[in-house]
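To start, the structure itself, in structure tokens.
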Ligand SMILES: NC(=O)c1ccc[n+]([C@@H]2O[C@H](COP(=O)([O-])OP(=O)(O)OC[C@H]3O[C@@H](n4cnc5c(N)ncnc54)[C@H](OP(=O)(O)O)[C@@H]3O)[C@@H](O)[C@H]2O)c1
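In the UniProt record's numbering, the protein residues as written are 1 to 387.
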């Protein structure tokens with residue numbers, strides 16, 4: 001238990017792929033296919049196309065490029081990465097060995113990925129739930145990363161080659177998340193989204209934190225949570241819930257933390273600092289004799305949550321329908337939050353929780369997703385090592 005589309009070139013070399021699958025719909029992309037001319041018809045005719053497909057985003061010209069930046073590391077032009085070219089279940093995921101290493105913008109660093117973590121947003125996005133605001137397919141999924149800086153853009157001030165960093169690589173989770181995610185050997189990330197990895201955590205532990213801890217913190221802040229207040233966390237054993245419990249207690253100074261889970265996870269909730277662990281398979285939290293200053297709902301139970309909040313209190317809603325006075329927000333990735341929380345992580349007051357079913361090897365990403373999609377994960381589902 002203790003344990004902007006800123007990327008602009010996506011190259012896939014693959015035999016027997018139908019071009020149609022690689023044509024982003026309504027996208028700003030230029031597409032050039034390195035193939036004999038007559039085969040260019042295959043997108044329309046749905047026939048197999050020759051091996052090399054090159055997709056270049058037209059946004060490439062918009063951002064300042066740091067391609068002139070040099071590195072003392074030997075960086076290949078192609079890498080292994082998990083990709084999908086159509087929306088769907090786990091079966092659309094493919095491990096490719098020749099995806100172009102993303103180009104670096106001036107405000108970015110290139111990270112050699114050591115570990116990545118999965119979040120429900122990864123599979124909701126893969127299912128096409130956010131199609132309207134998603135970056136164009138094909139996609140390299142993954143928001144959370146921990147790894148080593150191997151190249152810095154010309155405007156980067158805060159990091160240097162060799163720094164061990166972690167962060168959520170997409171500033172907006174749903175609105176134009178990066179096309180090149182963290183389930184890859186390399187990923188390019190704006191420095192403002194990153195922090196130095198806490199020195200006491202290994203890469204797997206660090207990779208599990210960014211999106212979940214930033215969500216936990218942003219929700220608590222937005223709810224006006226402060227010292228001496230009480231909180232009920234719905235879904236206390238999950239990636240976000242396990243961190244809401246810890247931050248409420250250790251960072252915000254909660255007077256009382258209550259949380260819900262199924263029977264086998266009650267002790268785990270207590271080990272995180274919950275004063276009251278509620279077994280939702282036996283008890284209804286609405287029947288508690290007390291009300292809370294804040295209810296933090298990671299499950300999608302806002303209609304019930306509003307019944308146990310004090311008058312004037314807040315209900316933070318991460319998913320599902322919102323009933324007043326509940327409010328919903330979508331996390332914004334921010335390296336400053338990680339920097340602020342690093343002392344709590346380094347002192348051990350706040351612990352990284354890697355689900356004991358993992359970490360999952362880089363070739364086991366489908367299994368890792370299938371497990372996360374059961375909605376039973378404890379803490380974070382981590383992918384490590386990434387070669
Ligand atoms: N809006 C945002 O910015 C934002 C950010 C992050 C996450 N989210 C969303 O928030 C939700 C939670 O994310 P997550 O990463 O924490 O998910 P997660 O790690 O997959 O959550 C799994 C946990 O949920 C618990 N759970 C399931 N049903 C429950 C219930 N009825 N009552 C209490 N606990 C229950 C499970 O415990 P048991 O096995 O004991 O049931 C399990 O430990 C997802 O829908 C995600 O998309 C939104």
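Ideal Cβ positions, reconstructed from N, Cα and C, are used throughout, including at glycine.
Predicted model only: the values in this text are computed from it and were never measured.
Neighbourhood of residue i by C-beta distance below 8 Å, restricted to the same chain and skipping five residues each side
{"i": "residue 301", "result": "234 and 320"}
Terminal residues of the beta strand (DSSP E) in which residue i lies
{"i": "residue 250", "result": "Run containing residue 250: none in the beta strand (DSSP E); it sits in the alpha helix (DSSP H), 239-250."}
{"i": "residue 75", "result": "That residue, residue 75, is in no beta strand (DSSP E); it is neither H nor E in DSSP."}
{"i": "residue 98", "result": "94-100"}
{"i": "residue 314", "result": "309-317"}
{"i": "residue 188", "result": "186-190"}
Buried versus exposed, by CB contacts within 10 Å (16 or more), residue i
{"i": "residue 217", "result": "buried"}
{"i": "residue 375", "result": "exposed"}
{"i": "residue 229", "result": "buried"}
{"i": "residue 330", "result": "exposed"}
{"i": "residue 355", "result": "buried"}
{"i": "residue 380", "result": "buried"}
{"i": "residue 334", "result": "buried"}
Proximal residues to residue i (C-beta, below 7 Å), its chain only, five neighbours per side dropped
{"i": "residue 153", "result": "66, 69, 104, 105, 106, 107, 108 and 109"}
{"i": "residue 339", "result": "195"}
{"i": "residue 286", "result": "304, 307 and 308"}
{"i": "residue 201", "result": "345 and 352"}
{"i": "residue 79", "result": "99, 101, 184, 185 and 186"}
{"i": "residue 288", "result": "308"}
C-alpha gap between residue i and residue j, whole angstroms
{"i": "residue 139", "j": "residue 256", "result": "42 Å"}
{"i": "residue 75", "j": "residue 98", "result": "13 Å"}
{"i": "residue 337", "j": "residue 214", "result": "7 Å"}
{"i": "residue 157", "j": "residue 192", "result": "10 Å"}
{"i": "residue 169", "j": "residue 314", "result": "29 Å"}
{"i": "residue 27", "j": "residue 117", "result": "Model confidence at residue 27 stands at a pLDDT of 30, short of 50, so the residue's coordinates are unreliable; what they give is reported in the following sentence. Using only the alpha carbons, I get a separation of about 28 Å."}
{"i": "residue 92", "j": "residue 297", "result": "31 Å"}
{"i": "residue 20", "j": "residue 141", "result": "Because the pLDDT at residue 20 is just 30, under 50, the model does not fix this residue reliably, and the point stays unresolved."}
{"i": "residue 144", "j": "residue 282", "result": "35 Å"}
{"i": "residue 395", "j": "residue 237", "result": "Residue 395 lies beyond the residue range present for the chain, which begins at 1 and ends at 387; the question has no answer from this structure."}
{"i": "residue 90", "j": "residue 113", "result": "22 Å"}
{"i": "residue 133", "j": "residue 124", "result": "13 Å"}
{"i": "residue 101", "j": "residue 366", "result": "22 Å"}
{"i": "residue 266", "j": "residue 151", "result": "44 Å"}
{"i": "residue 232", "j": "residue 259", "result": "5 Å"}
{"i": "residue 205", "j": "residue 121", "result": "19 Å"}
{"i": "residue 165", "j": "residue 362", "result": "19 Å"}
{"i": "residue 176", "j": "residue 225", "result": "30 Å"}
Residue interval of the alpha helix (DSSP H) (run including residue i)
{"i": "residue 126", "result": "120-126"}
{"i": "residue 326", "result": "From DSSP, residue 326 is part of no alpha helix (DSSP H) but of the beta strand (DSSP E) over 326-328."}
{"i": "residue 386", "result": "It is not in any alpha helix (DSSP H) - residue 386 carries neither H nor E in the DSSP assignment."}
{"i": "residue 338", "result": "335-346"}
{"i": "residue 151", "result": "First-last for residue 151: 144-152, but that is the beta strand (DSSP E), not the alpha helix (DSSP H)."}
{"i": "residue 219", "result": "210-222"}
{"i": "residue 175", "result": "It is not in any alpha helix (DSSP H) - residue 175 carries neither H nor E in the DSSP assignment."}
{"i": "residue 372", "result": "365-372"}
Residues near residue i in its chain [Cβ-Cβ closer than 6 Å; skip 5 each side]
{"i": "residue 276", "result": "258"}
Runs of alpha helix (DSSP H) wholly within the segment 266-293 (minimum 4 residues, chain order): Within the segment 266-293, the complete alpha helix (DSSP H) runs of at least 4 residues are 266-271.
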